[in-house]
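What follows is a short report on a single structure.
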Amino acid sequence: MSTAPSVETAPSQTRERWRGLLDAIEAPLKMTFGYFGDHSLMLAQAIRWLFRRPFRARIFLEQMEFVGVGSLPIILLVGFFSGAVAAQQAIAALSIFGQERFVGATVGLSLAQELAPVFTALMITASAGSGMATELGSMRITEQIDALSTFAVNPVQYLVTPRIVATFIMMPIMTMVFNIIGLFGAYLYSIYLKNIDLGQFIEMYTYWTDPKDYIIGGTKAAVFGISVSLAACYQGFNLRGGAKEVGLATRRAVVSGSVSVLVLDYFLIDLFHILWPYKT
Amino acid sequence: MTPSATQPPANATAPLVPEDPSRRNERWQIRIRGLQKAFGAHHVLKGVDLDIERGKTNIIIGGSGQGKSVLMKHLMGLLRPDAGQIWVDGQDIVSLGDVEMGQLRRKFGMVFQYAALFDSMTTMENIAFPLLERYSLPTDEVIERVRDLLRRLDLAHVVGIEEKFPAELSGGQRKRVGLARALIDRPEILLYDEPTTGLDPVATKNVDEMIRRTADQFGVTSVVISHDMASTFRIADRVSMLHDGRIIVTGTPAEVLASRQPELREFVETSGLVAAGAGAGP
């Protein structure tokens, strides 16, 4: 009889250990799935309301102006210096092999597929995304969102859908702006400071970069636009509390928007390289 | 007969109305039975029975965190109950879909605690918002209706009010602009969420007068959420007290003041409206 307890104890200890482990991962798992689930539900609602009357063209245009025109100065500034820095690094690396003439191709490709969409998304997250989270958060705590509902106006249709659509449209456009100004920065640095031959710069750029590079960059930018604006709208729209929470929600919006851009970038670029392998 | 603690007062909620609450009733515009609402493990409303009298100023009093605002949000369908029913003019609103609920909300106007004006819009745009969202009216007509309301609510004399943003208005002006926005679509029922919170005594008196005058002038049914007892007994036609998720007393102000309900007595006495022991029944 004396062995009976030890026989029973071993499985029960294992069970306890498993239960402890499950308890430990339950909360983070619930939170993670809840987080993605809530975001997906909000996106689904925003898409559903896009196709229902009334269509408020003015609000869509206002949001496009907010996202696009509002972020233009920072994108011009960052784009110019990113292009120049990319050229600087490319020339430094290529000069090891005496192939500085490839700088146009290197910078053009980097900008089109990576730098322009990612940096534009990060800039728009910081400027427009934070603005969206703050605005919706303030509207929530001052009951303006409840007020919309009392007038039988769906708050998701009125506030969330235009912001997501506007960012989805404006992100590829701003990415093109980034590309242009970035190339201009690279051109100025390479031609005037490093005396790279203009003909070679242009020839290498036009040979190695294709419209598909810009299609890849633009598509990525559009996807980033959805994730960035969704993160911002979600944080602002679902805010509970007061002024302090508005600040925290803004921070969460910027952090989750930026992280989503970098994570999505990894998977998207993998996908696009399977679909369209690099030119060799 | 004066209500007493041993004898249920005439205004007690249990035997409220013997007839079928789902039928349209000329006296009671809104009827609530067994309303329950919980947020997670926190049960806010535990079975609210309440009738709102048509054309009168109905005030719901209660301490902080008792669920007054939650109850009000149910009246407009902004929250769905876990259990219980609400009829507005005999229509069961709990089972309504989004579209029908949208139509029902046209009967209501709501004045928020801090006005909840859209801060990106001017006064004119704020007040016109419900009309612009619901109808395709000529601009001239919308402007005329807004100006008419500004005149009737004593706001027309404020220089440049139409173009002012909410941040440029005083607290009292914001409340009245909020009221104008609630009234612009000529609602049958006006809901006020703690309208005197954060106001000084003079401003409180002005808001009380505004509520009273609006009820008389526009013939609306008013439902006011408040914990301001002085204000309540100045303007109420009917008073109900929400405590621990239930309506524990309801009736005319005189009936409620005479009630011996301990929670109500404590609330009334703490507010300084009557001295302890005064106003109770035999």
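Chains as they are written, first to last, in the numbering used here: chain A, 861 to 1140; chain B, 32 to 313.
Think of the CB as a built atom: it goes at the ideal place given N, C-alpha and C, for glycine as much as any other residue.
How many whole angstroms separate the CB atoms of residue i and residue j, which I take to be in contact at a CB cut-off of 8 Å?
i, j, result
"A:A988", "A:S931", "6 Å"
"B:D319", "B:L162", "This structure leaves residue 319 of chain B out entirely; chain B is present only between 32 and 313."
"B:S262", "B:T235", "6 Å"
"B:L214", "B:G140", "6 Å"
"B:G133", "A:A1082", "Contact doesn't hold; Cβ gap of about 32 Å is too wide."
"A:L1019", "A:A944", "Actually they do not touch by this definition, with Cβ atoms about 39 Å apart."
"B:D184", "B:L210", "The sequence shown places Leu at residue 184 of chain B, rather than the Asp named in the question. Confirmed, about 6 Å."
Taking Cβ-Cβ distances shorter than 7 Å, what residues in chain B pair up with residue i?
i, result
"A:S1009", "L109"
Sort the options by Cα distance to residue i and report the nearest one.
i, options, result
"A:E974", "A:I1076, A:V1016, A:F893 and A:K1104", "A:I1076"
"A:R961", "A:Y1074, A:Y1067, A:G1117 and A:P1137", "A:Y1067"
"B:M107", "B:E219, B:Q97 and B:Y166", "B:E219"
"B:P293", "B:M272, B:V173 and B:P284", "B:M272"
"B:E199", "B:D259, B:T88, B:M152 and B:L295", "B:M152"
"B:A159", "B:P284, B:I90, B:V189 and B:R212", "B:R212"
"B:V101", "B:T252, B:R85, B:R64 and B:A69", "B:A69"
"A:G997", "A:K1104, A:P914, A:V929 and A:V1123", "A:K1104"
"B:N56", "B:D179, B:E194 and B:G121", "B:G121"
"A:R912", "A:Q1017, A:L1053 and A:G968", "A:Q1017"
"B:D82", "B:L230, B:I91 and B:R291", "B:I91"
"B:L230", "B:G71, B:P284, B:L76 and B:R205", "B:R205"
"A:G928", "A:I1033, A:D1057, A:F893 and A:I1040", "A:I1033"
"A:L1135", "A:K1072, A:I956 and A:F896", "A:K1072"
"B:H74", "B:G94, B:R62, B:V173 and B:G98", "B:G98"
"B:I256", "B:E286, B:A246, B:R62 and B:G94", "B:G94"
"A:Q959", "A:V1123, A:F893 and A:M1064", "A:M1064"
"A:N1039", "A:T966, A:L1053, A:A1007 and A:F1132", "A:T966"
"A:I1041", "A:I1029, A:G968 and A:V1106", "A:G968"
"A:T1027", "A:I956, A:Q923 and A:Q948", "A:Q923"
Can you name the residues of chain A whose CB is closer than 8 Å to the CB of residue i?
i, result
"B:P169", "Ordered by position in chain A, no residue passes the 8 Å Cβ test against B:P169, which lies about 17 Å from the chain."
"B:P161", "F1011"
"B:A147", "T1002, E1003, Q1004, D1006 and A1007"
Please state whether the Cβ-Cβ distance between residue i and residue j is less than 8 Å.
i, j, result
"A:T1069", "A:A972", "yes"
"A:G1117", "A:A1092", "yes"
"A:G939", "A:I1062", "no"
"B:R265", "A:T1010", "no"
"B:I242", "B:P226", "yes"
"A:W1050", "A:I951", "Per the sequence presented here, residue 1050 of chain A reads as Ser, with Trp not at that position. For A:S1050 and A:I951, yes; Cβs fall inside 8 Å."
"B:V142", "B:D224", "yes"
"A:K1080", "A:D1130", "no"
"B:K87", "B:R277", "no"
"A:T994", "A:G1096", "yes"
"A:P1022", "A:I1086", "no"
"B:P112", "B:L148", "no"
"B:Q60", "B:G78", "no"
"A:F1084", "A:P977", "yes"
"A:I1001", "A:L1099", "yes"
"B:K195", "B:T252", "no"
"B:R64", "B:Q116", "yes"
"B:V254", "B:L222", "yes"
"A:V1114", "A:S942", "no"
"B:N157", "B:V208", "yes"
"B:I192", "B:L181", "yes"
"A:I1024", "A:A1109", "no"
"B:K138", "B:V119", "yes"
For chain A, check one thing: does any of its Cβ atoms lie closer than 8 Å to the Cβ of residue i?
i, result
"B:G98", "no"
"B:V48", "For B:V48, the predicted model reports a pLDDT of 48, less than 50, meaning its position is unreliable and no value from the coordinates is stated."
"B:M103", "no"
"B:G133", "yes"
"B:F70", "no"
"B:R296", "no"
"B:R136", "yes"
"B:P39", "Summary for B:P39: the model assigns pLDDT 37, below 50, so the residue's position carries little reliability, and this model does not support an answer."
"B:A45", "Because the pLDDT at B:A45 is just 45, under 50, the model does not fix this residue reliably, and the value given afterwards should be weighed accordingly. No - not a single Cβ of chain A is within 8 Å of the one on B:A45."
"B:A311", "A caution first: B:A311 carries a pLDDT of 40, below 50, which makes its placement in the model unreliable, though a value can still be read off. No, B:A311 does not count as interfacial toward chain A."
For chain B, check one thing: does any of its Cβ atoms lie closer than 8 Å to the Cβ of residue i?
i, result
"A:V1013", "yes"
"A:S862", "Legend: pLDDT at A:S862 = 47, less than 50; position of this residue unreliable, no value from coordinates given."
"A:D1006", "yes"
Just to make sure I have the definition right: I need the residues of chain A whose C-beta is within less than 7 Å of the C-beta of residue i. Which are they?
i, result
"B:E164", "F1011 and V1013"
"B:M141", "T1010"
Chain A partners of residue i, CB-CB under 9 Å?
i, result
"B:Y223", "Within 9 Å Cβ-Cβ: nothing; B:Y223 doesn't reach chain A, min ~12 Å."
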